[in-house]
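A.B. asks:
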Amino acid sequence: MSIAIDLTTIWAFIIAFAVFVYVVMDGFDLGLGILFPLFPQKTDRDVIMNTVAPVWDGNETWLVLGGGGMMAAFPLAYAVLMPALYTPMIAMLLGLVFRGVAFEFRWRTQKARNKWDIAFTGGSLLATVAQGIALGAILQGIHVEGRHYAGGWWDWLTPFSILTGVSLVIGYALLGATWLVLKTEGGLRERAYVLSWVLLIAMLGAIGAVSIATPFLAVQYTQRWFAWPNIILTAPVPIAVAAVTALLLRALSNRNDVQPFFLSLALFALSYAGLGISMYPYIVPQSITIWQAAAPENSQIFMLFGVSILIPLILGYTAWAYWVFRGKVRPGHGYH
Amino acid sequence: MFEGWDAVALARAQFAFTMSFHIVFPAFSIGLASYLAVLEALWLITRREVYINLFKYWLKIFAVAFGMGVVSGIVMSYQFGTNWSAFADKTGPVIGPLMAYEVLTAFFLEAGFLGVMLFGLERVGPRLHFVATLMVAIGTLISAFWILSANSWMQTPAGHAINADGQFVAADWLKLIFNPSFPYRLVHMVLAAYLTTSLVVGAVGAWHLLRDQHLAGPRVMFSMAMWMATLVAPLQILAGDQHGLNTLEHQPAKVMAMEGHFQSHPNGAPLVLFGWPDERDAKVKYAIEVPKLSSLILKHSLDAPLAGLDTVPRENWPPVPITFWAFRVMVGLGFLIMGLGLLSLLMRVRGMMYQSALLHRFAVAMGPAGFIAVLAGWITTETGRQPFTVYGLLRTADSVSPLAAPAVGSSLIAFIIVYFAVFTAGVIYILRLMAQPPQPGERGPATDLPARAAGITPAAGAAAVEGAR
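In order, the protein sequence lines correspond to chains A and B.
The numbering of the first sequence is the numbering used here, which starts it at 1 and goes up by one.
The numbering of the second sequence is the numbering used here, which starts it at 1001 and goes up by one.
1) Check residue 1292 of chain B in the structure and name its three-state DSSP category.
2) Select from the segment 121-137 of chain A all residues with a C-beta closer than 8 Å to any C-beta belonging to chain B, and list them in chain order.
3) Which residue wins for smallest C-alpha separation from residue 88 of chain A, given the options A/59, A/310, A/309 and A/130?
4) Under the assumption that residue 252 of chain A contacts residue 196 of chain A (Cβ atoms under 8 Å), give the Cβ distance between them as a whole number of angstroms.
5) Tell me, to the nearest whole angstrom, how far the beta carbon of residue 72 of chain A is from that of residue 1096 of chain B; I am working on the premise that it is less than 8 Å.
6) Mind checking who residue 1170 of chain B pairs with in its DSSP beta bridge?
7) Kindly indicate if chain A contains any beta-carbon less than 8 Å away from that of residue 1434 of chain B.
8) Please classify residue 1286 of chain B: is it buried, with 16 or more other beta-carbons within 10 angstroms of its beta-carbon, or exposed?
9) Note down the Cα distance separating residue 1393 of chain B from residue 1422 of chain B, rounded to an integer number of angstroms.
10) Looking at the strands, I want to know which residues DSSP matches up with residue 337 of chain A.
11) What separation, rounded to the nearest whole angstrom, lies between the Cα atoms of residue 1187 of chain B and residue 1239 of chain B?
12) Considering only residues of the same chain and omitting the five flanking positions on each side of residue 1139 of chain B, which have a CB-CB separation below 6 Å?
13) May I ask you to verify whether the segment 139-156 of chain A touches the segment 180-195 of chain A, counting CB pairs closer than 8 Å and requiring at least 3?
14) Are the beta-carbon atoms of residue 119 of chain A and residue 103 of chain A separated by less than 8 Å?
15) Can you pull the DSSP bridge partners for residue 1276 of chain B?
16) Please check if any C-beta of chain A sits within less than 8 Å of the C-beta of residue 1398 of chain B.
17) Using a beta-carbon distance below 8 Å, is residue 303 of chain A in contact with chain B?
18) Would you decide whether residue 1265 of chain B is buried or exposed? Buried here means 16 or more other CB atoms lie within 10 Å of its CB.
19) Could I get the ranges of all uninterrupted alpha helix (DSSP H) runs contained in the segment 116-189 of chain A, with 4 residues as the minimum, in chain order?
20) How close, in whole Å, do the beta carbons of residue 261 of chain A and residue 320 of chain A come, if the pair is a contact with beta carbons under 8 Å?
21) Are residue 1154 of chain B and residue 1385 of chain B close, meaning C-beta to C-beta below 8 Å?
22) Please report how far the alpha carbon of residue 273 of chain A lies from the alpha carbon of residue 1146 of chain B, in whole angstroms.
23) Going by other Cβ atoms of all chains shown within 10 Å of its Cβ, with 16 needed for buried, is residue 106 of chain A buried or exposed?
24) Can you give me the C-alpha to C-alpha distance between residue 1278 of chain B and residue 1284 of chain B, rounded to a whole angstrom?
25) Would you tell me roughly how many angstroms separate the C-alpha atoms of residue 270 of chain A and residue 1051 of chain B, rounded to the nearest one?
26) Determine the direct distance from the alpha carbon of residue 291 of chain A to that of residue 82 of chain A, and round the result to whole angstroms.
27) Rounding to the nearest angstrom, what Cα-Cα distance links residue 162 of chain A and residue 206 of chain A in this structure?
28) Measuring only between beta-carbons, confirm whether residue 1402 of chain B sits less than 8 Å from chain A.
29) Provide the residue span of the beta strand (DSSP E) that contains residue 1389 of chain B, from first to last.
30) In whole angstroms, what is the alpha-carbon distance linking residue 1126 of chain B and residue 1217 of chain B?
31) What do you reckon, are the CB atoms on residue 1303 of chain B and residue 1263 of chain B nearer than 8 Å?
32) How many angstroms separate the CA atom of residue 1379 of chain B from the CA atom of residue 1190 of chain B?
33) Around the C-beta of residue 256 of chain A, are 16 or more other C-beta atoms found within 10 angstroms, so that it is buried, or is it exposed?
34) Exposed or buried, residue 12 of chain A, counting other C-beta atoms within 10 Å across all chains shown (16 or more means buried)?
35) Which of the three DSSP states, helix, strand or coil, is assigned to residue 1208 of chain B?
36) Which residues mark the beginning and the end of the alpha helix (DSSP H) in which residue 229 of chain A is found?
Here it is as structure tokens:
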């Protein structure tokens, strides 16, 4: 059994990794959709779109890996969580449809371009809120009986899940703004700097609010974070958040174009680690642990074989694609 | 809108609806990605400008179609969990890994190289760009491999065991992946994708040839597409026949429904050409039959006995009329496609390929035929698998999520509204792109995109491409 336990923990980390890569990669490009209305000029919008057009599709593939991988490695958790999060999941998928097609459609029409810009923003916002709500709904606990979800189809909607929904909108918008600082120039970058300031402060507020609210959801979370000796392991998380924030503030004041985006990612990574600390070893908090949900060992081994070869390869050629389209994106530099 | 439907029927309707919309795009992009790779290879070898123009022309269409395939595909990967959670729990350990491998080996490959394929020609140079195109094309084929393996396992499960929690688990991965119907289904579907694309390419070529017989681009694409139809349509009919024999062996009830055989025929079964299958009376009304032909096709003997649905308990019958009619639509279109291929061959031999308005009109009319045939084929095989999700082992009614009908009904309505709005617009944009003939110096997708990497000036990039021609 010791092998099975190790494999399951490895798989928990692999799925967590896939979801995290999704969050950081699609996070900034959903963030751009959220910020779109603040950049009404066509040239600015074209540039913003072009900063992600070559890579958005790869970014969303991590979402498919997160979902498909979860069905493969933790089928019970997938089977319980998806019906529990039914409405947010459907909303997220529909949002992703709107924003995904907007990347291509807005270049194919003059008349309806504005309409697809609205679809881009609306879809991005809907998908983000839905993801944030789903996160909150998972954290606050899900009603399980036997191997099935046993709650109603509105259980996900609570003040806490709305808080996490709003928080994620702020977080993705911050990633989007710092991405624009990295990838653009001139007036567009100036506005992105201003937005980064505002959104960073809002993001700190959101992290604070969620951190304060989470321990009230369940005793388990409180003990996990504050009981001795756990606190030795958990205390570095808020300290690191403070340190990254300080660096981020400095980078924004020094007008360093590169650092803010990566420091924002670090802020996300720390918040994500915090979530992991709260949830582990549950995959459906308070009812199903990763071991209860795990697929049989031979499924785990079969996939681990592929993952250990393919994920490094995927990261390699994804990095290459980003490298090909590196540097600042400028308006009107087509080859026509 | 769906009063009186239970959650199972609604979940089935939702899967059928979202899947039918989705399959159209991969069927097209599998074929088109390969076609683009061929065009770019021909350009690299011959340096004829017509090939790169055609490449860029179809690349724009590919970009729109691929985007729609991606977003409708993400929906599919979550349908199993949202609407079919009992199925996901029970089959996750076997279906999940197949889909995870599809993501890892295919989706990432396609997505990772798509950006370079669409926007990167000036940035990476023609050779590396061709590698990117090739990777996308290979990715679409790998994707077909895994998803058809998963689907075939649901049709003809093999290589599995059942554990204490009632889950299917793998006993032998090779047997599971290469289950009995998989090779047939894979060949049949990939050929279908190639035919579908060739019919679209042929129709667009023919459309422009009807206006001007001398356009270089439309001539080349029309000729290439008609070669594909001529050569592959007969192969496809052969593959379909073999697939049918395989189905007869493993899913006899499906073939009974396809053939409309309610009764057993101990002395040779007739081929029902047309008719109305009536499930209540267990007979095909108004049937037009050819005696003993069905036994000849399925058993290669006029007098071979064939069992009918009277040997299958009623609760295990697939919906007969849908299976029966979808099958006829597919087969009918298959023969029409072969007819187009043969006519084009005749005109080619007589030197009338680019002049025959009859051939061009026929080709234009057949433009959507591949899509309809693909949909009809999938409806045949999926409806014919009912009332099971995993054939003979897991009933559809035992596969659904514990959701109330209103939840599934409202999400179905949302999907219908959004898909019609979004994909209608996408199809209109594609048709608009097709309405223009390819031009000399054709532009690629999203011409506003800055084609400038750090250190490489646009002029140098353009010069590199010019030099490469």
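By construction, the Cβ of each residue, glycine as well, lies at the ideal position given by its N, Cα and C atoms.
It should be emphasised that the depicted structure is a prediction, and the values quoted were computed from it without experimental measurement.
C.D. replies: Reading it off the structure:
1) coil
2) none
3) A/130
4) 6 Å
5) 3 Å
6) B/1160
7) no
8) exposed
9) 38 Å
10) Nothing can be reported for residue 337 of chain A, as the shown portion of chain A is limited to 1 through 336.
11) 7 Å
12) 1106, 1109 and 1110
13) no
14) no
15) B/1285
16) no
17) yes
18) buried
19) 159-183
20) Not a contact, Cβ separation roughly 19 Å.
21) yes
22) 33 Å
23) buried
24) 6 Å
25) 51 Å
26) 19 Å
27) 12 Å
28) yes
29) 1388-1390
30) 20 Å
31) no
32) 17 Å
33) exposed
34) buried
35) helix
36) From DSSP, residue 229 of chain A is part of no alpha helix (DSSP H); its letter is neither H nor E.
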